[in-house]
Amino acid sequence: MYGPWRYQVIPKEEIAQKLALYAYAKEHSEAGITSVTFQPCLNEDERSQDRRIVHTWPLKNGIWKFIAILDGHAGHDTVDYTVEELPRRIKFKLEELIQSVEGQLSPQDISSALQAAISELDVHILDEFASLFPGGIESISQLSAEEIDNIINDGGERLTKVHRCMRGTTALVAVIDPAGENLWIANLGDCEAVLGESINNNRWQASRITSPHNGDNAEEVQRVREQHLGEEECILNKRVLGAIAVTRAIGDFAFKVPISITRRVFLEARPGFTLSTDIERWLPRNLTPPYLSNKADVFHHKIIKESTSETSSFLIMYSDGLTDPRVVGENPSIEHWVNAAGKAIKEGRNAALEILKEAIGGEDDDEVSQYLMLESTDSWMDDITIAVVRL
């Protein structure tokens, strides 16, 4: 996309209302959570592939809080299915644990349940795909092109199951126990979580909880290379196989199954891939799949409440659009966002909306207007989704 572009300057007194509208700002007051999800381009083809989920679950031992941010890519099929399936699977695992364990649950029990729910969903998506073929995936090599076409291109549920394998999503999940004493964060992909903790009445300390699973993370690059020794192009230009930025995801099975499945099935689906990179340029590098992992990192944090402060800590969860260099430059300041959120909480405002405003210009009304009102049919920024959770 090339400029220059026209945009309308929003009157100062209308900016807050307009931003809240465009960002679908929400206050989940029963859970102490605020959230936004923002993609200002109005072209339907460019609509946001981010999703946010907030639930309060009344389980046997009390009310659990569930918060998730998903960053879909290459289409909406996988992220929409994850919205339906992942909360249900995690809730079921919590219910199972509560029923089976006498006394208090251990933090590791919950961590293992979160990790399992995410990886099992990914496996389930592939199993659903495999069930389309007599004899499973192994039988695909025995089928003719016409037989495969008749199976997958039904324009309905079978094609949807194929598309769920062809698209993908990241997942950032937070779970808080009924006592409000324990927080678990599960991360798969490049969304991030940051903890804000009170230093004094007006200042907050920022601590990054998660590390992004992408080609900018040296540990992730090393992990992928160690699993594919001798394959110099397993990571190329900070991307897996030179194509995808994330190193862990739900879906994206073109990076997880043999090349023959992609050639004989995925490339024959109608409609097909919506990837930004030419698949034929990177597909021959797929020698020893899987290259993407479905194993989430899980972190446990003990919540310490201060009697002198109504809110002594909070959690910020966000998709990678918030750290897009095109928006915030090369060195985004989590400290700045944490202090903006802390101030907003203290003043009773939507903290997630305040972070978004700071990211796209803050008090610079002209810059905020540019992000909101640019006249273009192509998206000019990545999707941004933010949730702020009072702990």
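Be aware that the sequence shown starts at 8, since it is given in this note's numbering, and climbs by one per residue.
Where a beta carbon is used, it is the ideal one built from N, C-alpha and C, also for glycine.
Notebook entry, point to check: Since Y325 is in the beta strand (DSSP E), which residue starts that stretch and which ends it?
Noted result: Within the sequence shown, the letter at position 318 stands for residue 325. In the DSSP assignment, Y325 falls within the unbroken beta strand (DSSP E) covering 320-325.
Next item on the list: Write down every uninterrupted run of the alpha helix (DSSP H) in the stretch 154-205 whose length is 4 residues or greater and which is fully enclosed by it, in chain order.
Entry: 164-173
Next item on the list: Give the DSSP-derived three-state secondary structure of T384 in the structure shown.
Entry: Residue numbering aside, residue 384 sits at position 377 when the sequence shown is read from its first letter. Correct three-state label for T384: coil.
Margin query: Just to confirm before moving on: does the CB-CB distance between T176 and H80 stay below 8 Å?
Written below: For this step, residue 176 is matched to residue 169 along the sequence shown. For this step, residue 80 is matched to residue 73 along the sequence shown. Yes. Within cutoff.
Notebook entry, point to check: Are the beta-carbon atoms of L77 and D57 separated by less than 8 Å?
Noted result: Residue numbering aside, residue 77 sits at position 70 when the sequence shown is read from its first letter. Residue numbering aside, residue 57 sits at position 50 when the sequence shown is read from its first letter. Contact flag set, yes.
Checklist line | Backbone CA spacing between Y378 and I367 [nearest angstrom] | finding: Taking the first residue of the sequence shown as position 1, residue 378 is located at position 371. Taking the first residue of the sequence shown as position 1, residue 367 is located at position 360. Spanning the two alpha carbons is a distance of roughly 7 Å.
Next item on the list: Can you say whether Q111 is buried or exposed, counting buried as having 16 or more other CB atoms within 10 angstroms of its CB?
Entry: Position 104 of the sequence shown holds residue 111. Burial is judged here by how many other beta carbons sit within 10 angstroms of a residue's own beta carbon; Q111 has fewer than 16 and is exposed.
Item checked: Supposed close pair L248, F262 - CB separation, criterion 8 Å -> Here residue 248 is taken as the residue at index 241 of the sequence shown, counted from 1. Here residue 262 is taken as the residue at index 255 of the sequence shown, counted from 1. That belief holds up - the Cβ atoms of L248 and F262 are roughly 7 Å apart, short of 8 Å.
Item checked: Beta carbon of A147 nearer than 8 Å to that of I268 -> Taking the sequence shown and counting its residues from 1, one reaches residue 147 at position 140. Taking the sequence shown and counting its residues from 1, one reaches residue 268 at position 261. According to the sequence as given, residue 147 is Ile; it is not Ala. Closer than 8 Å, so yes.
Checklist line | Endpoints, the beta strand (DSSP E) within which F73 is located | finding: What you label residue 73 is simply residue 66 of the sequence shown in a count that begins at 1. 69-80 is the span of the beta strand (DSSP E), which, as asked, contains F73.
Checklist line | Cross-strand partners of A394 (DSSP beta bridge) | finding: Here residue 394 is taken as the residue at index 387 of the sequence shown, counted from 1. Looking at the DSSP assignment, A394 forms a beta bridge with S42, M324.
Check: Would the stretch 28-43 and the stretch 355-364 be scored as touching if the rule is three or more Cβ pairs under 8 Å?
Finding: The answer is yes - the stretch 355-364 touches the stretch 28-43, with three or more Cβ pairs under 8 Å.
Margin query: When you compare the stretch 217-231 with the stretch 240-257, are there three or more beta-carbon pairs, one atom per stretch, that lie closer than 8 Å?
Written below: yes
Item checked: M8 versus V334: straight-line alpha-carbon distance, rounded -> Numbered from 1 along the sequence shown, position 1 holds the residue referred to as residue 8. Numbered from 1 along the sequence shown, position 327 holds the residue referred to as residue 334. Low confidence applies here, because M8 scores a pLDDT of 43, under 50, leaving its location unreliable; read the following figure in that light. About 15 Å.
Next item on the list: Identify every residue that forms a DSSP beta bridge with H35.
Entry: As a first step, residue 35 must be located in the sequence shown, where it is residue number 28. Paired residues: I40.
Check: Thinking just about the alpha-carbon of each residue, which of T167, R232, E145, S326 is nearest to the one in D87?
Finding: Position 80 of the sequence shown holds residue 87. Closest by alpha carbon: T167.
Checklist line | L66: first and last residue of the uninterrupted beta strand (DSSP E) it sits in | finding: As a working note, residue 66 is residue 59 in the sequence shown. Element bounds for L66: 57-66.
Margin query: So, with DSSP's three-state summary, where would you put N221?
Written below: Start at 1 with the first residue of the sequence shown, and residue 221 comes out as number 214. Correct three-state label for N221: strand.
Next item on the list: Answer yes or no: does any C-beta atom of chain C fall closer than 8 Å to that of F306?
Entry: This model lacks chain C altogether; it includes just one protein chain.
Check: Since I155 and V169 are thought to touch, with beta carbons under 8 Å apart, how far apart are those beta carbons, to the nearest angstrom?
Finding: As a first step, residue 155 must be located in the sequence shown, where it is residue number 148. As a first step, residue 169 must be located in the sequence shown, where it is residue number 162. About 10 Å; that fails the 8 Å criterion.
Next item on the list: Using the Cα positions of V264 and D331, report the straight-line distance between them to the nearest angstrom.
Entry: By 1-based counting over the sequence shown, the position of residue 264 is 257. By 1-based counting over the sequence shown, the position of residue 331 is 324. Each residue's Cα considered, the two are about 30 Å apart.
Next item on the list: Keeping to the same chain, check which residues put their C-beta closer than 6 Å to that of W344; ignore five residues upstream and five downstream.
Entry: As a working note, residue 344 is residue 337 in the sequence shown. The residues are I362.
Check: Given a threshold of 16 other Cβ atoms within 10 Å of its Cβ, counted over all protein chains shown, does K72 qualify as buried or as exposed?
Finding: One-based indexing of the sequence shown puts residue 72 at position 65. The residue is buried, with at least 16 neighbouring Cβ atoms inside 10 Å.
Margin query: Tell me the DSSP secondary structure of M8 in three-state form.
Written below: Stepping through the sequence shown from its first residue, residue 8 is reached at position 1. The predicted position of M8 is uncertain, since its pLDDT is 43 and thus under 50; a value taken from the coordinates is nonetheless stated next. Look at M8 here: in three-state DSSP terms it is coil, with no helix or strand label.
Next item on the list: Would you mind working out which of E127, D304, E354, A347 sits nearest G369, comparing C-alpha positions?
Entry: The count along the sequence shown starts at 1 and reaches residue 369 at position 362. Minimum Cα distance to G369 is reached at A347.
Check: What runs of the alpha helix (DSSP H), each 4 residues or longer, lie entirely inside the stretch 223-259?
Finding: 225-234
Notebook entry, point to check: Where does the unbroken alpha helix (DSSP H) through H343 begin, and where does it stop?
Noted result: For the purposes of this step, residue 343 is taken as the residue at position 336 of the sequence shown. Per DSSP, H343 belongs to the alpha helix (DSSP H) from 341-353.
Note to self: Is it buried or exposed, F136, if we count other Cβ atoms within 10 angstroms and call 16 or more buried?
What the structure shows: Numbered from its first residue, the sequence shown carries residue 136 at position 129. When all chains shown are included, F136 counts as buried.
Item checked: Buried or exposed (CB count within 10 angstroms, at least 16 for buried), T392 -> Within the sequence shown, residue 392 is the residue found at index 385, counting from 1. T392 should be labelled buried.
Checklist line | Which of helix, strand or coil DSSP assigns to D304 | finding: Counting from 1 along the sequence shown, the entry for residue 304 is found at position 297. D304: strand per DSSP, three-state reduction.
Check: Quick one: what's got a C-beta closer than 6 Å to P339's C-beta in the same chain, skipping five residues either side?
Finding: Looking up residue 339 in the sequence shown gives position 332. So the qualifying residues of the chain are T330.
Item checked: Closest Cα partner of D327 within the set H131, D197, G222, Q212 -> The sequence position of residue 327 within the sequence shown is 320, counting from 1. Taking only the C-alpha atoms, the option nearest D327 is D197.
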